[in-house]
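Numbering (the working numbering), first residue to last: 404 to 521.
All C-beta atoms, glycine included, are put in the ideal place defined by N, C-alpha and C.
I have placed the structure first, in the form of structure tokens, so that the comments after it can refer back to it.
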């Protein structure tokens, strides 16, 4: 079951559906499509120090307020403008050449973008 697979990756037991904080840093993840609709209520998501090149289903996680995608291999973040509740976004140490729709985020208070190709 996908839900259990996400829990196994996170090192958690039990359902993740109601998790507010999810730490998937340093898991050597190449994609996060496993999350899909499994954690719709997550507010704080840490995906730092993985091997991600795409944001995948993250724009569907509309409850996110804090998102850490630092130290990955992201090339673009075009669809991130849908995360209207996001207040903190860390994109440091990726391969970004533009910030795309991030400027449209109404509640964004902190944006970390150092060490990219911008």
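### Query
Helix or strand or just coil, what does DSSP make of residue 482?
helix
### Query
Is the beta carbon of residue 467 sitting closer than 7 Å to the one on residue 486?
yes
### Query
Nearest to residue 445 by alpha carbon, out of 469, 520, 477?
469
### Task
Could you pull the start and end residues of the beta strand (DSSP E) that residue 438 belongs to?
Element bounds for residue 438: n/a, residue is neither H nor E.
### Task
Count the other C-beta atoms from every protein chain shown that fall within 10 angstroms of the C-beta of residue 423, then say buried if there are 16 or more, exposed otherwise.
exposed
### Message
Once the 5 residues before and after residue 517 are set aside, which same chain residues still bring their CB inside 8 Å of it?
### Response
495, 496
### Query
Nearest CA to the CA of residue 465: which residue from 489, 510, 427?
489
#### Entry: Separation of residue 438 from residue 448, as counted between CA atoms
11 Å
### Query
Rounded to the nearest angstrom, how far is the Cβ of residue 436 from that of residue 460, given a contact under 8 Å?
6 Å
### Query
Would you call residue 474 buried or exposed, if buried means 16 or more other Cβ atoms sit within 10 Å of its Cβ?
buried
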